[in-house]
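**Student:** Quick one: the structure is below, questions incoming.
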Amino acid sequence: MAYWLFKSEPDVFSFQDLVDKAGPEEWHGVRNYAARNNMRAMVLGDLGFFYHSVKGKAVVGIAEVVALAHPDSTAHEPGEKVVWECVDIAAVKAFPRPVTLDEIKAEPALAQMILVNNSRLSVQPVTKQEWEHICRMGGL
DNA sequence: GCCAACGTTGGC
DNA sequence: GCCAACGTTGGC
Numbered sequence: 316m317a318y319w320l321f322k323s324e325p326d327v328f329s330f331q332d333l334v335d336k337a338g339p340e341e342w343h344g345v346r347n348y349a350a351r352n353n354m355r356a357m358v359l360g361d362l363g364f365f366y367h368s369v370k371g372k373a374v375v376g377i378a379e380v381v382a383l384a385h386p387d388s389t390a391h392e393p394g395e396k397v398v399w400e401c402v403d404i405a406a407v408k409a410f411p412r413p414v415t416l417d418e419i420k421a422e423p424a425l426a427q428m429i430l431v432n433n434s435r436l437s438v439q440p441v442t443k444q445e446w447e448h449i450c451r452m453g454g455l
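Take the position in the first sequence, starting the count at 1, then add 315; the result is the number in this note's numbering.
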């Protein structure tokens, strides 16, 4: 059982979109090896924060891994040798109150988070301590 | 809108 | 194999 963080621009795909989907959503479009490797490491039942980048800049909800890494259906460019992969996720619950990036940065206990130190990695691991800390901050 | 950070590409 | 140049991301 591991914890993760999925980043998305809400204008492109928001947590509400995931809630509305009410089922598996293929987390396609990731074109970064570190992020792909993180998805390969996921197992069914792993949980991940859903973070809104650019607009909102806050952890807004929790999602669950509902399908193991599989080929990204959008990665079929002609001649593309690399097979990108992705997991499927589904919404679990929204935070009663979103935890903003500012709040995370203000927490010494969260200073080691990848979100703080490498904001560009779109799929990140989160430690159990970080997970529980942010859940408390968000009212869960 | 700007720019720093990061990852990738390509010349050498 | 190194590194400069470039494109993209995302915070500010």
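Beta carbons: idealized from backbone N, C-alpha and C, even for Gly.
Let me check understanding here. Comparing Cα to Cα, which of E379, V431, P411 and V402 lies closest to N352?
**Tutor:** V402
**Student:** DSSP state of F321, grouped into three classes?
**Tutor:** strand
**Student:** If we call anything under 8 Å between Cβ atoms a contact, is A378 one with L333?
**Tutor:** yes
**Student:** List, from N- to C-terminal side, the beta strand (DSSP E) runs of 3 residues or more that fit wholly inside the segment 396-426.
**Tutor:** 400-415
**Student:** Work out the CA separation of L416 and S388 for me, nearest whole Å.
**Tutor:** 31 Å
**Student:** List the residues that DSSP assigns as beta-bridge partners of Q439.
**Tutor:** L320
**Student:** Whose C-alpha, out of V369, G360, V380 and P423, is nearest the C-alpha of S329?
**Tutor:** Nearest option by C-alpha distance: V369.
**Student:** Among the residues of its own chain, which have a CB less than 8 Å from the CB of M354, if the five just before and after it don't count?
**Tutor:** W342, V345, A384, E400, C401, V402 and V438
**Student:** For E418, I'd like the list of residues in its chain whose CB is within less than 7 Å of its CB, leaving aside the five on either flank, ordered along the chain.
**Tutor:** M452
**Student:** Would you mind stating whether L359 and V407 have Cβ atoms separated by less than 8 Å?
**Tutor:** no
**Student:** What separation, rounded to the nearest whole angstrom, lies between the Cα atoms of G376 and F321?
**Tutor:** 10 Å
**Student:** Let's see if you can read the secondary structure: which residues bound the alpha helix (DSSP H) around V431?
**Tutor:** Counting along the chain, the alpha helix (DSSP H) containing V431 begins and ends at I429 to N432.
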